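Peer 1:
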Amino acid sequence: MAAANYSNVFLGGKDRALGELRVDGSGLKWRSATSGKVVQVAPSDMRGLSWAKVRGGQQLRVHLKGGNNVKFEGLKATDREALAALCQEAFGHELRPLAISCKGLSWGAANVDGAMVRFDVDGAEGFEIPLAEVQQATMQGKAEVSLEMHLADTLAPEDEMLTEIRFVIPPRSAVEGGGAELDDDDGDGDGARTAESFLNKVISKADLAIDQEAIASLSDVPMAVPRGRYEIELYGGCLKLHGKSYAYKVMYSSIVALYSLPKPDQYHVNVAVHLEPPIRQGATFYQLLLLQFPAEETLELTLNASDAHLRDKFGGRLRSPLSGAYHEVVAQLLTGLTGKPLHKPAASFTSAHGASAIRCAIKADDGFLFPCERSFIFINKPLTLIHYETIRSIEFRRVDKEAAGAAAARSFDMVLTKKSGEAIQFANIARKEYGPLFRFLMEKKLTIQNIAAAAGGLEAGFADRDDDDDDDGDREAAPRQARRAKEAAKRTEKADADDDDDDDDDDDDDDEDEDEDFAAGDESDVDEEYEEDALPGDDEAIDKRPQKARKTERKAATDGDGGGIDDADDADDGDEADEADARKPSGKAAKGKGSAAAPKPKRKKAHKDPHAPKRPLSAYMLFASEHRARAKEETPGLSIGEMGKLLGAKWKELPADEKEGYEARYRAARAEYAIAESAYKKGLAAKGGADGGFTQHDDDEEEEEEEDAADGSGDD
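First residue of the sequence shown? That's 106 in the numbering used here, and the numbers climb one at a time after it.
Written out as structure tokens, the structure is:
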């Protein structure tokens with residue numbers, strides 16, 4: 106089945122909006138370019154199609170079986186032939202020409218055609234009015250019918266709108282003199298009865314009789330946006346909000362979706378109403394209405410309509426009476442009247458506190474961010490709705506390893522950049538919410554701009570830190586981690602003493618090999634062990650073992666052959682000489698000056714946890730694993746080092762676009778590893794907070810392998 110897309114197409118009507126139209130076998134689908142609103146017409150709902158020339162281009166009008174019509178404007182005259190053939194093939198409807206009168210005459214024929222009031226001039230259409238826009242219809246005298254329109258709250262003071270129109274329907278004998286012509290249903294030539302017949306048709310078609318009384322009324326309803334307490338009256342086609350200072354009227358056709366949002370405090374539940382177009386109060390536009398209800402308050406509501414009327418008009422979506430929690434009754438009532446879906450927070454997201462929202466701020470306004478299945482919604486001020494399909498990228502700030510290790514970094518920020526270029530920053534999100542939020546975004550496949558830093562923040566345990574400002578938690582955590590660091594120092598000192606006894610019989614070559622990598626002042630292996638558990642401010646716990654190691658080194662250097670440290674200088678300088686000795690080079694550098702150096706203390710190797718997640722292969726290692734077999738076939742007999750040099754040279758010659766493929770695979774694997782490692786660490790913490798002496802491969806070693814391979818000197 107053929108299909109066609111047409112850009113820059115306006116949805117005709119009072120709320121004219123620009124979008125894109127698609128025509129295929131499933132029907133016509135128009136999507137707004139700004140709000141994402143979708144208007145879809147199925148072939149089974151079509152009564153006919155017509156083509157007319159209007160202001161700004163050509164118009165495709167779809168006549169619906171219910172009597173309404175949908176207009177698509179801005180098409181080109183050259184589109185008609187192809188569109189007519191496509192509609193005939195896909196829908197079985199002929200695209201008929203429609204004449205529009207441009208004479209500007211004020212007399213003609215008024216008719217009620219389905220759900221429209223149509224005014225024709227000399228057989229051509231002058232204008233038409235949807236009966237859904239008619240608020241009230243009354244008789245003015247014997248031959249005059251007045252139609253009052255719903256007032257739109259979305260217009261600015263300088264905008265114009267139709268508020269009332271009057272049809273003068275004189276007796277048939279006076280039709281030639283001017284006025285609206287209408288067939289006399291009674292045949293008595295009475296113009297008053299003719300106008301009354303027209304009025305009765307309007308009232309019956311527009312369902313104005315039932316709208317004289319509200320289907321349901323809610324009193325003293327608290328609303329967060331717009332703020333205040335309102336009386337809410339719900340009619341068949343609209344709802345009215347009456348406040349102390351303002352009153353609003355919202356057509357059900359302008360309601361796009363409904364949201365039920367339970368607050369984390371568990372005391373209130375918000376019901377949000379998404380409007381397109383928004384209502385207006387002065388210079389302020391409200392695209393979202395926010396009602397707030399106590400979570401435990403109940404309501405029993407009897408609707409002011411018969412069961413038959415509810416069944417026929419609302420398709421069985423409503424029943425009377427309604428009972429239950431206050432917010433649930435209101436949500437059911439709005440869903441039934443509007444036919445719009447009720448959205449709730451995503452079931453796959455749970456915050457660190459077990460809630461469906463996280464606390465954050467937009468600029469200086471504090472509120473809650475609810476991740477839903479298809480959108481983010483922020484309450485209360487500014488009430489913000491962001492659909493996932495409109496997000497171009499997401500950036501996390503203050504989540505890298507350096508920020509994660511800072512004592513002052515108790516929160517992070519998330520910046521959402523929309524496809525339109527607008528950036529919205531959610532600030533001061535508690536660090537413990539980072540893990541759940543990061544996993545949710547990965548699940549929704551949203552683009553994270555700084556994925557490496559984001560994954561690094563998760564690896565650094567950023568998500569597992571407590572954001573509580575209470576000092577009691579800090580006082581409890583500091584001694585516990587300092588005590589663990591001191592115990593580790595004692596274990597390492599004992600292990601070093603045992604290793605010194607075993608190292609007396611080692612060969613000089615072995616000692617020299619060990620000393621080649623050691624230099625005074627470099628970060629020692631013991632430092633790495635302490636950095637894993639010690640707090641950033643526990644200098645005593647961190648430096649205790651390295652200081653003893655330096656004293657042992659100075660003693661060995663003094664007793665060794667070839668001189669060493671002068672005793673007279675020691676006596677004169679005291680502790681300053683000790684510190685200077687600690688800064689002197691040792692190992693191979695000291696041997697070059699004729700001094701003996703102590704061997705580097707051996708570090709007792711810890712066991713690896715078989716249940717720990719395995720680090721992903723780097724981009725180079727992915728490349729090497731795929732090309733190693735072929736390289737062995739092409740050049741057999743190579744040693745491990747030669748093979749590494751060969752693969753490193755090939756990696757350097759690899760084009761940038763092919764390298765990017767391996768880099769992308771590595772970034773994706775890295776993100777998955779970060780999630781798995783976070784869950785693994787949480788499991789260890791749940792078992793008592795100890796890691797059982799297990800270690801994992803260090804990132805620095807992996808980076809060194811990659812650099813060596815790229816230089817052509819590393820092994821595979």
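From the three backbone atoms N, C-alpha and C, an ideal C-beta is built for every residue, glycine too. Quantities reported herein were computed from a predicted structural model and do not represent experimental measurements.
For A300, which residues from the same chain have a beta carbon less than 6 Å from its beta carbon, with the 5 sequence-adjacent residues on both sides left out?
Peer 2: Taking the first residue of the sequence shown as position 1, residue 300 is located at position 195. Here the set comprises A248, V250, I274.
Peer 1: Can you list, in chain order, the residues of its chain with a C-beta nearer than 6 Å to that of A195? Leave out the 5 residues immediately preceding and following it.
Peer 2: Against the sequence shown, residue 195 aligns to sequence position 90. The residues are G130.
Peer 1: With C-beta atoms as the reference, is N409 less than 8 Å away from E318?
Peer 2: Your numbering for residue 409 matches position 304 in the sequence shown. Your numbering for residue 318 matches position 213 in the sequence shown. The answer is yes: Cβ separation under 8 Å.
Peer 1: What beta strand (DSSP E) runs, 3 residues minimum, are completely inside the segment 388-451?
Peer 2: As far as the segment 388-451 is concerned, its whole beta strand (DSSP E) runs of at least 3 residues are 389-399, 403-406, 427-430.
Peer 1: With distances taken between CB atoms, is the gap from A109 to A220 smaller than 8 Å?
Peer 2: The sequence position of residue 109 within the sequence shown is 4, counting from 1. The sequence position of residue 220 within the sequence shown is 115, counting from 1. Cβ distance not < 8 Å, so A109 and A220 don't count as in contact.
Peer 1: Starting from G231, trace the beta strand (DSSP E) in both directions and tell me its first and last residue.
Peer 2: Taking the first residue of the sequence shown as position 1, residue 231 is located at position 126. 229-235 is the extent of the beta strand (DSSP E) around G231.
Peer 1: DSSP state of H198, grouped into three classes?
Peer 2: Within the sequence shown, the letter at position 93 stands for residue 198. Correct three-state label for H198: coil.
Peer 1: Return the CA-CA distance between Y725 and R464, expressed in angstroms with no decimal places.
Peer 2: Here residue 725 is taken as the residue at index 620 of the sequence shown, counted from 1. Here residue 464 is taken as the residue at index 359 of the sequence shown, counted from 1. The straight-line gap from Cα to Cα measures roughly 41 Å.
Peer 1: Using the Cα positions of T909 and K757, report the straight-line distance between them to the nearest angstrom.
Peer 2: The structure shown does not extend to residue 909, since the chain spans only 106 to 821, so no value can be given for it.
Peer 1: Mind checking which residues open and close the beta strand (DSSP E) that includes R334?
Peer 2: The residue labelled residue 334 in the question sits at position 229 within the sequence shown. Element bounds for R334: 333-339.
Peer 1: Among F483, A460, F390, R332, which residue has its Cα nearest to the Cα of A466?
Peer 2: Mapped onto the sequence shown, residue 466 falls at position 361. Of F483, A460, F390, R332, the residue nearest in Cα terms is F483.
Peer 1: Between the C-alpha atoms of F419 and S140, what's the straight-line distance to the nearest angstrom?
Peer 2: The sequence position of residue 419 within the sequence shown is 314, counting from 1. The sequence position of residue 140 within the sequence shown is 35, counting from 1. The alpha-carbon atoms of F419 and S140 are separated by roughly 27 Å.
Peer 1: Quick one: what's H379 bridged to in DSSP?
Peer 2: Residue 379 sits at position 274 when you count from the first residue of the sequence shown. BP columns for H379 point to A362, L393.
Peer 1: Can you tell me the Cα-Cα spacing of N173 and A147, whole angstroms?
Peer 2: Looking up residue 173 in the sequence shown gives position 68. Looking up residue 147 in the sequence shown gives position 42. Distance between the alpha carbons of N173 and A147: 14 Å.
Peer 1: If contact is defined by three or more beta carbon pairs under 8 Å, each pair taking one atom from either stretch, is the segment 429-439 in contact with the segment 449-461?
Peer 2: No: the two stretches stay apart, fewer than three of their Cβ pairs being nearer than 8 Å.
Peer 1: Using 8 Å as the threshold, is the segment 354-362 in touch with the segment 377-390, meaning 3 or more CB pairs across them?
Peer 2: Result yes; three or more Cβ-Cβ pairs closer than 8 Å.
Peer 1: For D218, which of helix, strand or coil comes out of DSSP?
Peer 2: Counting from one through the sequence shown, the residue named residue 218 turns up at place 113. D218: strand per DSSP, three-state reduction.
Peer 1: Ends of the beta strand (DSSP E) at P327?
Peer 2: Along the sequence shown, one-based indexing puts residue 327 at 222. P327 -> beta strand (DSSP E) spans 321-330.
Peer 1: Give a yes or no on contact between the segment 176-191 and the segment 225-242, applying the rule of three or more CB pairs nearer than 8 Å.
Peer 2: Segments in contact, no.
Peer 1: Using the Cβ count rule (16 or more neighbours within 10 Å means buried), how would you classify A528?
Peer 2: To locate residue 528, count along the sequence shown from 1; it is residue 423. Answer is exposed; the Cβ neighbour count stays below 16.
Peer 1: With burial defined as no fewer than 16 other Cβ atoms inside 10 Å of the residue's Cβ, what is the status of M151: buried or exposed?
Peer 2: Translated into positions along the sequence shown, residue 151 becomes position 46. By the 10 Å Cβ count, M151 comes out buried.
Peer 1: Can you tell me which residues form a DSSP beta bridge with N174?
Peer 2: For this step, residue 174 is matched to residue 69 along the sequence shown. Answer by DSSP bridge pairing, in chain order: H168.
Peer 1: Figure out for me which residue from P487, T489, L488, T522 has the closest Cα to the Cα of F501.
Peer 2: Walking along the sequence shown from the start, residue 501 turns up at place 396. Residue T522 is the option with its Cα nearest to F501.
Peer 1: Do the CB positions of A229 and S206 come within less than 8 Å of each other?
Peer 2: Working through the sequence shown from its first residue, we reach residue 229 at position 124. Working through the sequence shown from its first residue, we reach residue 206 at position 101. Against a cut-off of 8 Å, the Cβ pair of S206 and A229 comes out as a contact.
Peer 1: Please state if the CB of S723 and the CB of Y778 are separated by a distance shorter than 8 Å.
Peer 2: As a first step, residue 778 is located in the sequence shown; it is residue number 673 there, counting from the start. As a first step, residue 723 is located in the sequence shown; it is residue number 618 there, counting from the start. Cβ atoms of Y778 and S723: not closer than 8 Å.
Peer 1: State the start and end residues of the unbroken alpha helix (DSSP H) segment that holds W756.
Peer 2: Sequence index remark: in the sequence shown, residue 756 carries index 651 (1-based). Note, W756: alpha helix (DSSP H), 745-758.
Peer 1: P476 and P450 look like a contact to me (Cβ under 8 Å); what is the Cβ gap, rounded to whole Å?
Peer 2: As a first step, residue 476 is located in the sequence shown; it is residue number 371 there, counting from the start. As a first step, residue 450 is located in the sequence shown; it is residue number 345 there, counting from the start. Right, the Cβ-Cβ distance comes to about 7 Å (below 8 Å), so this counts as a contact.
Peer 1: Does DSSP put V307 in a helix, a strand or coil?
Peer 2: Mapped onto the sequence shown, residue 307 falls at position 202. Looking at V307 - three-state DSSP - the assignment turns out to be helix.
Peer 1: When the Cα of A215 is compared with those of S498, F303, E747, E405, which residue comes out closest?
Peer 2: Stepping through the sequence shown from its first residue, residue 215 is reached at position 110. Looking at the Cα atoms, F303 is the closest of the given residues.
Peer 1: Between which two residues does the beta strand (DSSP E) harbouring F531 extend?
Peer 2: Taking the first residue of the sequence shown as position 1, residue 531 is located at position 426. Unbroken beta strand (DSSP E) run through F531: 528-535.
Peer 1: Can you give me the Cβ contacts of A535 inside the same chain, cut-off strictly under 8 Å, excluding the 5 residues immediately before and after it?
Peer 2: Counted from its first residue, the sequence shown places residue 535 at position 430. Here the set comprises A457, I463, R464, R515, S516, D572.
Peer 1: Within 10 Å of its beta-carbon, does D609 have 16 or more other beta-carbons around it, so buried, or fewer, so exposed?
Peer 2: Residue 609 sits at position 504 when you count from the first residue of the sequence shown. Confidence at D609 is low in this model, with a pLDDT of 44, below 50, so its placement is unreliable and no value can be given for it.
Peer 1: Who are the near neighbours of A348 in its chain, counting only those whose CB is closer than 6 Å to its CB and skipping five residues on each side?
Peer 2: Position 243 of the sequence shown holds residue 348. According to the sequence as given, residue 348 is Gly; it is not Ala. Here the set comprises G333, Y335.
Peer 1: Using beta-carbon positions only, say whether L116 and A122 come within less than 8 Å of one another.
Peer 2: Numbered from its first residue, the sequence shown carries residue 116 at position 11. Numbered from its first residue, the sequence shown carries residue 122 at position 17. Contact flag set, yes.
Peer 1: Please identify the residue among H716, A329, N305, A469 whose C-alpha is closest to the C-alpha of L789.
Peer 2: Here the question's residue 789 lines up with position 684 in the sequence shown. Comparing Cα-Cα distances from L789 to each of H716, A329, N305, A469, the minimum goes to H716.
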